[in-house]
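Engineer: Residue numbers (our numbering), protein chains in the order written: chain U, 5 to 254; chain E, 5 to 254; chain X, 5 to 254; chain A, 5 to 254. Virtual Cβ for every residue (Gly too), placed ideally from N, Cα, C. Dropping a structure here in structure tokens format, bear with me for questions.
Protein chains: 4
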Amino acid sequence: MSKLRVAVLGAKGRIGSEAVKAVEAAEDMELVAALGRGDKLETLEKSGAQVAVELTTPASVMGNLDFCVRHGIHAVVGTTGWDEERLAQLRGWLVQSPDTGVLIAPNFSIGAVLTMKFAQIAAPYFESVEVVELHHPNKVDAPSGTATRTAQLIAEARRRAGAAPAPDATVTALDGARGADVDGVPVHAVRLRGLLAHQEVLLGAEGETLTIRHDSLHHSSFMPGILLGARCVVTTPGLTFGLEHFLDLN
Amino acid sequence: MSKLRVAVLGAKGRIGSEAVKAVEAAEDMELVAALGRGDKLETLEKSGAQVAVELTTPASVMGNLDFCVRHGIHAVVGTTGWDEERLAQLRGWLVQSPDTGVLIAPNFSIGAVLTMKFAQIAAPYFESVEVVELHHPNKVDAPSGTATRTAQLIAEARRRAGAAPAPDATVTALDGARGADVDGVPVHAVRLRGLLAHQEVLLGAEGETLTIRHDSLHHSSFMPGILLGARCVVTTPGLTFGLEHFLDLN
Amino acid sequence: MSKLRVAVLGAKGRIGSEAVKAVEAAEDMELVAALGRGDKLETLEKSGAQVAVELTTPASVMGNLDFCVRHGIHAVVGTTGWDEERLAQLRGWLVQSPDTGVLIAPNFSIGAVLTMKFAQIAAPYFESVEVVELHHPNKVDAPSGTATRTAQLIAEARRRAGAAPAPDATVTALDGARGADVDGVPVHAVRLRGLLAHQEVLLGAEGETLTIRHDSLHHSSFMPGILLGARCVVTTPGLTFGLEHFLDLN
Amino acid sequence: MSKLRVAVLGAKGRIGSEAVKAVEAAEDMELVAALGRGDKLETLEKSGAQVAVELTTPASVMGNLDFCVRHGIHAVVGTTGWDEERLAQLRGWLVQSPDTGVLIAPNFSIGAVLTMKFAQIAAPYFESVEVVELHHPNKVDAPSGTATRTAQLIAEARRRAGAAPAPDATVTALDGARGADVDGVPVHAVRLRGLLAHQEVLLGAEGETLTIRHDSLHHSSFMPGILLGARCVVTTPGLTFGLEHFLDLN
């Protein structure tokens, strides 16, 4: 079986350099190009890359994807900064190149994606749901974007299923004790030296609790998701938003 | 909206008496009969029950289901002791009564069922998977049936996905340190005073771990699953094996 | 060896009736009296009780202890409502009966007492400390009294050791996300159906974390502490406040 | 206040190079020498070091300590390979230099040391105790040395207190399910990609459990213990074995 020819854009960055190593280590892949700032996109075409892993910046990503789509190179995109306007533009390009696939994923950690998915599935079946996220103390926002998104997805799943609000008899509380309210789901943020990025979804019903915990211990945790994306995007024309669409959830 | 008319068979047992209370407490249900040993099945028919919750013994269950199916009474069955022969016999009865539904579930805890389902979904995406179950010290078998079943489902999901065996460089080990081997999945059994029934599925990949933990703190945890079964079985003719088929897992 | 002769006051109450069973089950003890409301204290004297386990109400406790101390009966007290005035009065009685011992304990759960003690010992050695308590959703106050007390003891231990405030770079936070501030220690309160009473103390330093978790699953958890108190109080004249003084912490 | 003058021996090694950075970052310390293989010990004397942090190899450590003790330089030793003979020889040297202190510690992680200490304190008060350790899958031995040592200390503490064996009604078990038996304490070893080094001590009594968990996420976790050792050893003449002796455990 011939190997998948993969290029990395943004190959000198923190995540990009990890991606270079991960592609090199994957038995079913060949690293055919590793471009940093200033390198010409023509290199990409000449390399015969089938997939480009795009890990640059919001300022570069659109130009890079325009080039990829025009040349029929599939793309796996970790760069952030997507809004409706940019997505519409990208979709327009893909119409012109109907065999090309692009995956954009806000989170390439398979564990994080599964945590969110499992939380959504389970939330309607439990009376109570709360989220606790735990991070290193240098983090400037609380709660984390992932925890906020998780709570929103939980709230949406419960609304759709017609679930009642979680019971809470609290009458007297110190300010902040019951956490932040995200669409009716309490979210608690712990900051602790020694931690990296962790999240717990706690679900409770009569006589039982279910806890889904994701521990992210190193940013290398994005690599399996990036490789999975590269393998799947070559047979998935058009735009795919979110790694969950490439996971078999049945 | 008219209430669902529910009967409980085995109403004096430990789980049965909980079921009686749960049906009485459910706003969308009416308890129309509660039969114990020696009570006549005719009471069931006269009560106008739409669903019978069957929580008796392997010695009684076949007679009870024969009666139910013949009278078009749907059934939710928690009694154990099912083998291929019994299932075939039940399926034969259901052919004669094609509008009647029977749900047999080895486990009515929604948390336990979701834990197994999530473990199966996640298992192929992680290099390593192990199971730790924790129970009260009066338990006579180790590991628990649920943990063994969970490990088997994990092994099956990994096999189907072509996942490699989990890495393990152990050269020197004390007997038992690495747990029991269930189809290649290590299973560890903790026995601790103060606990009831708990299970953790630990999944690990490069840079991240995912943990799914189920804590069963009281046998009332079966009640939401039994009520859910009763609500769904009335519109699901034929035999359904496993509560997971009544959960929305998408 | 002769058995310790123990009486229970408040024997009909929720905790008192558990205490009666626990004393009866203890091989080194003999239950010589079990008094409920209206029973005469003279019974206590006649029973030859060496220790009285006092589990009544703030309205009864002073009269009961006055009687016990005057008759040289040691006491283990779980009744609440102690203030300086009451303690001073009790100390006065004990001066008149210098061989008699009284143990008053706000918490008879050995696990809870050890959690607080360990949290105090460890707190000065870690940069970060936070407390997460988790309870059933019928609880009316947040955080729990135990969590508040634990946080205060942590703060005190850190102050005494000259520990710096925990690092926290949070700039943008949703209201409540970072928990309640108890003497500088963040305390988070989770309310979840299925839980009883649980507490985690999370400590973090460069490259490591230490977590001390106490799960209280049934109020029978007070019994080992009450029996330990009864065994120790008979050789500890005077007033002892807090079960920790009867634990060997070295 | 003048700074503590600290030298590092083995400064090029994995732990040694971390120690160099940690000493440089400590406000109350000055790094006066950093010796690697081949560097002369005379440098140590000329540097005016008050304390040497010894992180070399079993082949070098005795020579280094001989030199340190003869020159009145205190030492903090992380190098392994100690037996009775070596300890006796070192004690002999210290007799000749009665003002000099040497700390040898098998583990400089304060979290690990406290976990062992807390486990010992708590073990006699609970009916059941088990240990679960979790490590990366490249580890060659199971259970870990720390887990084995923890179990031994637990067993010793229970023996001393006359505690009964933990209850266990297991009749039917798969091989290995109940873990390894270390002096009567079950020890379970999990191997999971993504993990580093983790340990849980689980204690259970009637109605409650206590869990002490240590997560080691980076070998920088040894640094606070090494710095603490350096600060304390200068005022503690003679041989100290084990970091716990420098922790305030009351």
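1. Is there a Cβ from chain E that is less than 8 Å from the Cβ of U/G246?
2. Is there a Cβ from chain E that is less than 8 Å from the Cβ of A/R163?
3. For a contact defined as C-beta to C-beta under 9 Å, what are the partners of U/L221 on chain A?
4. Alpha carbon to alpha carbon, how far is A/A63 from A/G149? Give it in angstroms, no decimals.
5. In chain order, what residues of the same chain lie with their CB nearer than 7 Å to the CB of X/A123, ignoring the 5 residues before and after it?
6. Return the residue from the list A/L243, A/V175, A/L231 and A/G246 that minimises the CA-CA distance to A/G20.
7. To test your reading of the DSSP string, which unbroken beta strand (DSSP E) runs of 3 or more residues are found completely within the stretch 159-187 of chain U?
8. Run through the DSSP bridge pairs and tell me what A/L207 is partnered with.
9. Quick one: give me the first and last residue of the alpha helix (DSSP H) that X/G233 is part of.
10. Is X/V106 buried or exposed, if buried means 16 or more other CB atoms sit within 10 Å of its CB?
11. Can you grab the Cα-Cα spacing for the pair A/M66 / A/H75, in whole Å?
12. According to DSSP, U/H75 sits in a beta bridge with which residue or residues?
13. Hey, out of U/T83, U/T60, U/Y129 and U/A56, whose CA is closest to U/C72's CA?
14. Just list the beta strand (DSSP E) runs in the stretch 90-124 of chain X, keeping only unbroken ones of 3 residues or longer that don't cross its boundaries, in chain order.
15. Count Cβ pairs between the stretch 173-189 of chain A and the stretch 180-195 of chain E that sit closer than 8 Å; are there 3 or more?
16. Between which two residues does the alpha helix (DSSP H) carrying U/E49 extend?
17. Helix, strand or coil for X/A38? Go by DSSP, reduced to three states.
18. Since U/R195 and X/T174 should fall inside the 8 Å C-beta cutoff, what is the C-beta to C-beta distance between them, to a whole number of angstroms?
19. Name the DSSP bridge partner or partners of E/T244?
20. Assuming U/L200 and A/G198 make a contact with CB atoms under 8 Å, what is their CB distance in whole Å?
21. Taking Cβ-Cβ distances shorter than 8 Å, what residues in chain E pair up with A/V136?
22. List, in order along the chain, the chain A residues whose C-beta lies closer than 9 Å to that of X/R217?
23. E/G115 and E/S225 look like a contact to me (Cβ under 8 Å); what is the Cβ gap, rounded to whole Å?
24. For a quick check, are the C-beta atoms of A/V99 and A/V135 less than 8 Å apart?
25. Which residues in chain E sit within 7 Å of U/M227, going by Cβ to Cβ distance?
26. For the alpha helix (DSSP H) containing X/A53, name the first residue and the last one.
27. Going by DSSP, name the residue or residues bridged to X/A11.
28. Does U/F122 come within less than 8 Å of chain E when only Cβ atoms are used?
29. Please name the residue in X/E210, X/D32 and X/G40 whose C-alpha comes closest to that of X/Y129.
30. Do the stretch 29-43 of chain X and the stretch 226-245 of chain E make contact, defined as three or more Cβ pairs closer than 8 Å?
31. Pick from A/I108, A/G52 and A/P169: whose alpha carbon is nearest that of A/R90?
32. Are the C-beta atoms of U/T174 and some chain X residue less than 8 Å apart?
33. Please look up how many angstroms separate the CB atoms of E/V10 and E/A234, rounded, as I've assumed it's under 8 Å.
34. Where does the unbroken beta strand (DSSP E) through X/V194 begin, and where does it stop?
35. Could you name the residues of the same chain whose beta carbon sits closer than 6 Å to that of U/A167, not counting the 5 residues immediately before and after it, in chain order?
Structural biologist: This is what the structure gives:
1. no
2. no
3. G198, L199, L200 and L221
4. 22 Å
5. T154, L157, I158, V205 and I216
6. A/L231
7. 184-186
8. A/V133 and A/L214
9. M227 to V237
10. buried
11. 14 Å
12. DSSP, once it has assigned bridges, lists no residue as partnering U/H75.
13. U/A56
14. 105-108
15. yes
16. E46 to K50
17. strand
18. 7 Å
19. E/L107
20. About 11 Å separates the two Cβ atoms, so there is no contact after all.
21. V136, H192 and V194
22. T213, L214, T215, I216 and R217
23. 7 Å
24. no
25. E210
26. Counting along the chain, X/A53 falls outside any alpha helix (DSSP H), and DSSP gives it neither H nor E.
27. X/A37 and X/A56
28. yes
29. X/E210
30. no
31. A/I108
32. yes
33. 6 Å
34. V189 to R195
35. P128
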